[in-house]
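Visitor:
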Amino acid sequence: MKGIVFSKFIEFVEERFSPEMADDIIESSDLPSGGAYTSVGTYDHREMLQLVTALSEKSGTPVPDLVRSFGCHLFGILAGAYPQFLEGIDSSLEFLQLIENYIHVEVRKLYPDAELPTFEHCSPSANQLELIYYSKRPLGDLAHGLIEGCAAHFGDTLSIEREELLVEEGTSIRFLLTRQV
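Numbered per full-length UniProt numbering, the sequence shown spans residues 1 to 181.
#1: Under the DSSP definition of a beta bridge, which residues are partnered with Tyr134?
#2: Ends of the beta strand (DSSP E) at Leu165?
#3: Since Gly129 sits in a beta bridge, which residues does DSSP pair it with?
#4: Answer with buried or exposed for residue 187, where buried requires no fewer than 16 other C-beta atoms within 10 angstroms of its C-beta.
#5: Could you pull the DSSP bridge partners for Thr42 from this structure?
#6: Return the residue from the list Ser125, Met1, Leu86 that minimises the CA-CA distance to Thr38.
#7: Taking buried to mean at least 16 other C-beta atoms within 10 Å of its own C-beta, is Gly80 buried or exposed?
#8: Relative to the C-alpha of Ile99, which residue among Thr171, Gly145, Phe12, Phe85 is closest?
#9: If you follow the alpha helix (DSSP H) that Ile26 is part of, which residue opens it and which one closes it?
#10: Applying the 10 Å Cβ sphere with the 16-neighbour rule, what's the burial state of Lys8?
#11: Gln180: which of Ala152, Asn127, His144 sits nearest, CA to CA?
#12: For the segment 34–104, which segments carrying the alpha helix (DSSP H) assignment without a break, of at least 4 residues, lie completely within its bounds, in sequence order?
#13: Starting from the Cα of Ile77, find the closest Cα among Tyr133, Ile10, Gly88, Asp90 and give me that residue.
#14: By Cβ distance, which residues of its chain are closer than 8 Å to residue 192, with the 5 residues on each side in sequence left out?
#15: In chain order, what residues of the same chain lie with their CB nearer than 7 Å to the CB of Val13, ignoring the 5 residues before and after it?
#16: To the nearest angstrom, how far is it from the Cα of Leu96 to the Cα of Gly34?
#17: Quick check on the burial criterion: 16 or more other C-beta atoms within 10 angstroms. Buried or exposed for Leu93?
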């Protein structure tokens, strides 16, 4: 997992909780990296799971809620850092259809060693999108939060139905997104 995700998570904890909480979860997690992340570095996703688990234990907030909230926050950060990916796009559903064949292609140009999830999509109607998410890592809640952040960015109100899919390895989720008009 790219270091930018870790560094933005630590900033998220500092802003939503406190700088002391960020220090506490780093210290209590016994991380191989020591909790020092560079945005271009690559780190084991299990460190993120350790940090989120520690934050959940200390804050009393369930892990899925923390990860979704962070995903929503992260979309805004990434949209600000990479506005060129959003140029000419008018809605969250339009953007989300471009993840696999445009956004991830561009991300791989910037970060060739990035380990990205995959997304398949179909559009049953103009205001609906079915996204199938697959990742080797258990980060479906992060994807869910990123979808929510995308909707917020475009000012769309989406209903999100989520179905966990059985796969031999990794995580797969079917998201059915319906834009309220």
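Where is the CB? At the ideal position from N, CA and C, for every residue including glycine. A quick note: this is a predicted structure, and the numbers were derived from the prediction, not measured.
Guide: So, from the data block:
#1: Answer is Thr118, Ser172, bridged to Tyr134.
#2: For Leu165, the enclosing beta strand (DSSP E) has its first and last residue at 158–165.
#3: Strictly speaking, residue 129 in this sequence is Leu, with Gly absent from that position. Leu177.
#4: Beyond the ends of the chain as shown, which are 1 and 181, falls residue 187; an answer cannot be given.
#5: DSSP, once it has assigned bridges, lists Lys2 as partnering Thr42.
#6: Closest in alpha carbon position to Thr38, among Ser125, Met1, Leu86, is Met1.
#7: Using a 10 angstroms sphere on the CB of Gly80, the tally of other CB atoms stays under 16, which defines it as exposed.
#8: Comparing Cα positions, the closest option is Phe85.
#9: Where Ile26 is concerned, the enclosing alpha helix (DSSP H) starts and stops at 19–29.
#10: By the 10 Å Cβ count, Lys8 comes out buried.
#11: Of the candidates Ala152, Asn127, His144, Asn127 places its Cα closest to the Cα of Gln180.
#12: Here the runs fully enclosed are 45–59, 63–81, 92–97.
#13: The option with the nearest alpha carbon to Ile77 is Ile10.
#14: Residue 192 lies beyond the range of the chain shown here (1 to 181); nothing can be said about it.
#15: Answer for Val13: Met21, Ala22, Ile25, Leu55, listed in chain order.
#16: C-alpha separation (whole angstroms): 34 Å.
#17: So Leu93 ends up on the buried side.
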